[in-house]
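Colleague: Which chain is which? The protein sequence lines are R and A, in order. Residue numbering for the first sequence is 1 to 240, as defined by this note's numbering. Residue numbering for the second sequence is 1001 to 1240, as defined by this note's numbering. Even for Gly, the Cβ is constructed at its ideal location relative to N, Cα and C. The structure displayed is predicted, hence computed values, not measured ones. The structure follows.
There are 2 protein chains.
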Amino acid sequence: MTVHEHGRYSTGIQDLPYRAVPDAAVARLAVYLRVLTSMIEQGVTTMSSEVLAGAAGVNSATLRKDLSHVGSYGTRGVGYDTARLVENIERLLGLTRHHSIAVVGIGNLGHALANYPGFPDRGFPVTALFDLDEDLIGVPLGGLSVDHVDSIPAVCAEREVTIGVICTPVPAAQVVCDLLVAGGVQCILNFAPMVLQVPDDVEVRRVDLAAELQILSFHQVRRCGTNGVGQVVDPIAVSR
Amino acid sequence: MTVHEHGRYSTGIQDLPYRAVPDAAVARLAVYLRVLTSMIEQGVTTMSSEVLAGAAGVNSATLRKDLSHVGSYGTRGVGYDTARLVENIERLLGLTRHHSIAVVGIGNLGHALANYPGFPDRGFPVTALFDLDEDLIGVPLGGLSVDHVDSIPAVCAEREVTIGVICTPVPAAQVVCDLLVAGGVQCILNFAPMVLQVPDDVEVRRVDLAAELQILSFHQVRRCGTNGVGQVVDPIAVSR
DNA sequence: GCGACTTTGTTCCTGCGTTCACAAGCGGCT
DNA sequence: AGCCGCTTGTGAACGCAGGAACAAAGTCGC
């Protein structure tokens, strides 16, 4: 592999040597991984960038560029060895280790996520559950029992939880977040519709389900040219 | 991760004024809306771009530019009138109408989403539920009863469903998607970890929960400089 | 073994989105 | 009434991501 030219991020004292892989590419790599494992199950051992790109819904040039960040694991004239590619994408994404997950807030959504097979299947075993509700404490759920949120720091540290999933209502989310951070958790997936304040060394990804719908709503209105009550939108009239 | 699978802007008669609002801005507007309504509940009537940007976790210049797409509803030297801003963002996003939702696949996740209060609270009432399982058909759930997937086209058309939420396993997702499209649904929120094939006039947003974790995992590895088993990550990637 | 074909990996370029910076505008204060 | 300070809205620059095109490289057929 030729040396990439993306090194130069002298953003201060501690040059961050990482940063070579764009965030958007990382997100797509997770998709490729999914498609590839699915293909391997069907016995596919080799794929061209064109085919894989089609299955993943991206441009083939984009795909090749993304994969170039992983390394040169393709064979010209043939394509990519699916098994080897999966292996190397997993290594880049840090999936060689199983990251254990804690789910906080065992309501409808938390319950569903605690049982979501896609997590353990992808190497993310759920190893801790927390809630505030006394009635839930101790209740067994998928081989685990629910602990009180107060024990988050201790339990997370003990079980080496690396990812916390917050499914609490908004008012509790920041408190829970602080507890997770106290327990050494540096990755948080936040389903509560609010922006969490965290230290610089903690990363939060927010999944805002209602916002997703609002975005869909916007595009729908755009497509139809109506505001949904049969009335044509006049953008100029609207803005004054 | 939310993947925007198609940004098609069909060549309509009135495509001149549209396309002004970037996709990324629309996504952020939904966040601003959330912060604003929360602030209004606390009695805040006026906010500066600086404060609002801080609460939403974005740059203030970005925020002002986003809001400029909505219209000029700020007062220089003062800030934005929160109520008026909410009103106008909602209008831009097409939220003046309540879009009704159908949830397909009443497993753990589908069950949780069917009961998710954030949907109706934000003007997205759930008006139809579907599953394949005979044991679930007719079961009442939050004021609705579960219908068979075969009836998707008829029921969606009748109840004017505008958004379909797919929570089925992967093998069923494409079939369900086709049924939704047949029922006139043009917006789909897909929780099944696969890429759906749809006509150009249908928009799909994908929420891939496991991919979110993989992205977190990647950044975690980057931060620590180890792959989680105490071993330094590939020095080539590190050195550039 | 050699040529032609296929596909990768990379380079260049274009376009978009974000950020900076500043002029215009509005309210408050004297 | 006029000035001052604060905040918006926007024009310009910058940086990054995505797409087209191409050269290198490896395979398959003959």
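Between the segment 1202-1211 of chain A and the segment 116-129 of chain R, do at least 3 Cβ pairs fall closer than 8 angstroms?
Modeller: yes
Colleague: Give the interface partners of THR162 (chain R) over in chain A, defined as CB-CB distance under 7 angstroms, in chain order.
Modeller: GLN1220
Colleague: Residues in the segment 1161-1191 of chain A with C-beta within 7 angstroms of chain R's C-beta atoms, listed in sequence order?
Modeller: THR1162, ILE1163, GLN1186, CYS1187 and LEU1189
Colleague: Give the list of continuous beta strand (DSSP E) stretches no shorter than 3 residues that lie fully inside the segment 1012-1092 of chain A.
Modeller: 1079-1081
Colleague: Taking the beta carbon of LEU179 (chain R) as the centre, do at least 16 other beta carbons fall within 10 Å, making it buried, or is it exposed?
Modeller: Counting C-beta atoms within 10 angstroms of its own C-beta, LEU179 (chain R) has 16 or more neighbours from the protein chains shown and is therefore classed as buried.
Colleague: Residues of the segment 31-54 of chain R in Cβ contact with chain A at a cutoff of 8 angstroms, in chain order, please.
Modeller: Cβ contacts with chain A come from VAL31, LEU33, ARG34, VAL35 and SER38.
Colleague: Please look up how many angstroms separate the CB atoms of HIS1069 (chain A) and ALA1020 (chain A), rounded, as I've assumed it's under 8 angstroms.
Modeller: Sure, about 6 angstroms apart at Cβ, within 8 angstroms.
Colleague: Specify, as a first and last residue, the run of the alpha helix (DSSP H) that HIS219 (chain R) falls within.
Modeller: 209-224
Colleague: Would the segment 1153-1167 of chain A and the segment 184-203 of chain R be scored as touching if the rule is three or more Cβ pairs under 8 angstroms?
Modeller: no
Colleague: Helix or strand or just coil, what does DSSP make of CYS1167 (chain A)?
Modeller: coil
Colleague: Give the DSSP bridge partners of SER145 (chain R), in chain order.
Modeller: R:PRO140
Colleague: For chain A, find out if any of its Cβ atoms is closer than 7 angstroms to the Cβ of PRO193 (chain R); answer yes or no.
Modeller: yes
Colleague: Which residues in the same chain have their Cβ closer than 8 angstroms to the Cβ of SER44 (chain R), if we skip the five residues on either side of it in sequence?
Modeller: Per the sequence shown, residue 44 (chain R) should be read as Val rather than Ser. Cβ neighbours of VAL44 (chain R) beyond the five flanking positions: THR82.
Colleague: Nearer than 6 angstroms: is that true of the beta carbon of GLY57 (chain R) relative to any heavy atom of the ligand SAM?
Modeller: Looking at this structure, you won't find the ligand SAM or any other ligand, since it has none at all.
Colleague: Please state whether DSSP places PHE124 (chain R) in a helix, a strand or coil.
Modeller: Of the three classes helix, strand and coil, the one that applies to PHE124 (chain R) here is coil, per DSSP.
Colleague: Kindly indicate which residue of R:ARG223, R:PHE218, R:GLU203 and R:LEU136 has the alpha-carbon position closest to the one of CYS1224 (chain A).
Modeller: Considering only R:ARG223, R:PHE218, R:GLU203 and R:LEU136, the residue with the shortest C-alpha distance to CYS1224 (chain A) is R:GLU203.
Colleague: Quick check on the DSSP output: the alpha helix (DSSP H) that includes VAL1155 (chain A) runs from which residue to which?
Modeller: For VAL1155 (chain A), the enclosing alpha helix (DSSP H) has its first and last residue at 1152-1158.
Colleague: Does VAL229 (chain R) get closer than 7 angstroms to chain A when you measure Cβ to Cβ?
Modeller: In this prediction, VAL229 (chain R) scores a pLDDT of 42, lower than 50, which makes its location untrustworthy; no coordinate-derived value is stated.
Colleague: Check whether the Cβ of SER1145 (chain A) lies closer than 7 angstroms to any Cβ atom in chain R.
Modeller: no
Colleague: Which residues bound the alpha helix (DSSP H) around ASN1108 (chain A)?
Modeller: 1108-1114
Colleague: Starting from the beta carbon of ASP201 (chain R), find every residue of chain A whose beta carbon is closer than 8 angstroms, and list them in chain order.
Modeller: ARG1223
Colleague: Report the neighbours of HIS148 (chain R) on chain A: residues whose CB is nearer than 8 angstroms to its CB, in chain order.
Modeller: Under the 8 angstroms cutoff, chain A gives no residues; its nearest Cβ is about 22 angstroms from HIS148 (chain R).
Colleague: Hey, would you say ALA1263 (chain A) sits closer than 7 angstroms to VAL1155 (chain A), going by beta carbons?
Modeller: Outside the displayed span of chain A (1001 to 1240) sits residue 1263 (chain A), for which this structure offers no information.
Colleague: What does the alpha-carbon distance come out to for the pair CYS177 (chain R) and PHE1130 (chain A)?
Modeller: 35 angstroms
Colleague: From the DSSP output, in three-state form, read off VAL181 (chain R) for me.
Modeller: helix
Colleague: Given a limit of 8 angstroms on CB to CB distance, which residues of the segment 66-84 of chain R reach chain A?
Modeller: none
Colleague: PHE1130 (chain A) bridges to which residues according to DSSP?
Modeller: Beta-bridge pairing links PHE1130 (chain A) to A:VAL1104 and A:ASP1147.
Colleague: Where DSSP assigns a beta bridge to VAL1161 (chain A), which residues make up the other side?
Modeller: Its beta-bridge partners are A:SER1100.
Colleague: Can a CB atom of chain R be found closer than 7 angstroms to the CB of GLU1134 (chain A)?
Modeller: no
Colleague: Is any beta-carbon of chain R found at less than 7 angstroms from that of GLU1158 (chain A)?
Modeller: no
Colleague: Counting C-beta neighbours from all protein chains within 10 Å, is the total for GLN197 (chain R) 16 or more, i.e. buried, or is it exposed?
Modeller: exposed
Colleague: Check whether the Cβ of ASN59 (chain R) lies closer than 7 angstroms to any Cβ atom in chain A.
Modeller: Not one chain A Cβ lies under 7 angstroms of ASN59 (chain R).
Colleague: When DSSP labels each residue in this structure, what does GLY1094 (chain A) get in the three-state scheme?
Modeller: coil
Colleague: Which value, in whole angstroms, describes the spacing of the CA atoms of GLY1142 (chain A) and VAL1185 (chain A)?
Modeller: Rounded to the nearest angstrom, the two C-alpha atoms are 22 angstroms apart.
Colleague: Within the same chain, show all residues whose beta-carbon is closer than 7 angstroms to that of HIS4 (chain R), passing over the 5 residues directly before and after it, in chain order.
Modeller: The predicted position of HIS4 (chain R) is uncertain, since its pLDDT is 35 and thus under 50; no value can be drawn from it.
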